[in-house]
Structure formats: C-alpha cells, structure tokens
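Right, one structure below, let's go through it.
Numbering (our numbering), first residue to last: 2 to 134.
Below you can see the structure in the form of structure tokens.
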C-alpha cells in the first residue's frame, strides 16, 4: 500500500495560548495529506466529502516537527477512504516519536463538470465502498 508523507514544522502562528498546535490546523494538515493520497491514487481531481472522527491522542508542542502519514484504505466506485496519522518527530536526543492524532477522510473523484468519476481499485484487493459511496 502506497503511503503519502508530509512534514510540517510547528511555528508560533499555528499554536494556541498553551503553546500547542491548534486542532483546526491539525485537521487542515490531515485533510491536505488525505487529498494528496487520494489524488495520487485516482489521478483525477478529488474533493473531500466527509471527515470521520479525529482522535487527538497527545498535544503537539511549539517547535515540534510533525509527519503526516496518509494511506488509501478503501475504494468505492468513485470514492476513497483515507486514513491519516500525525506523528511528532523527536527534536531532542533521547526523545521518542509519538502518535499525536489519527482520523479518516472520504474523498470523491470528480470530472471536469464536478460529477463523481470512477477510480481504480486498490492494488491487490477488492474495492470496498466507504459509507455506501
């Protein structure tokens, strides 16, 4: 299964008054990673149609480096369910990476008129439709 990886530094403009990454920024970055993974799979224009529950496991401090890992997990006729994890990379010696957040997104491929368009099945498996799509 192909993975999409994206890396972001956490700067002051992305943090709240506690010095941790805004939840809304986490969601935006996760949606971007899902978009890239789905686009790579479909090789077409895609749009986000659904976000599953996102679990915020641990806070992400100012100055951290985060890596998002996105994987297309399920494919329907026109839709793809993408799982995204956000990992915090250690910046100091002796620290260990940890999972900060995990969530799922459903994206649909669209044609030039904005109508749903078929996507290829997952390699090595049967296509399964997320949420009946």
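The C-beta atom is built at its ideal place from N, Cα and C for all residues, glycine as well.
Bear in mind the structure is a predicted one, so any value in this text is a computation, not a measurement.
Measuring CB to CB, does residue i end up less than 8 Å from residue j?
i: residue 14; j: residue 54; result: no
i: residue 66; j: residue 27; result: no
i: residue 6; j: residue 96; result: no
Considering only residues of the same chain and omitting the five flanking positions on each side of residue i, which have a CB-CB separation below 8 Å?
i: residue 45; result: 110, 111, 112, 118 and 120
i: residue 127; result: For residue 127, the predicted structure reports a pLDDT of 49, less than 50, and the residue's modelled location is therefore unreliable. The matter cannot be settled from this model.
i: residue 37; result: 5, 7 and 71
So, for residue i: in the same chain, excluding its five sequence neighbours on each side, which residues have a beta-carbon less than 7 Å away from its beta-carbon?
i: residue 40; result: 47
i: residue 92; result: 64, 65 and 66
Relative to the C-alpha of residue i, which residue among the options is closest?
i: residue 56; options: 82, 70, 93 and 101; result: 101
i: residue 80; options: 64, 62, 87 and 49; result: 49
i: residue 124; options: 36, 30 and 42; result: 42
i: residue 10; options: 22, 17 and 18; result: 22
i: residue 31; options: 83, 122 and 59; result: 83
i: residue 122; options: 78, 98 and 94; result: 78
i: residue 99; options: 89, 51 and 108; result: 89
Hey, residue i and residue j are a contact pair by Cβ (cut 8 Å); roughly how many whole angstroms apart?
i: residue 34; j: residue 85; result: 5 Å
Apart from the five residues just before and just after residue i, which ones in its own chain have a Cβ nearer than 6 Å to its Cβ?
i: residue 4; result: 70 and 72
I want to see whether chain B comes within less than 8 Å of residue i, judged by CB atoms only; does it?
i: residue 55; result: In the structure shown, chain B does not exist; there is a single protein chain.
For the ligand NAD, is there a heavy atom less than 7 Å away from the beta-carbon of residue i?
i: residue 48; result: Ligands displayed in this structure: none; no statement on the ligand NAD is therefore possible.
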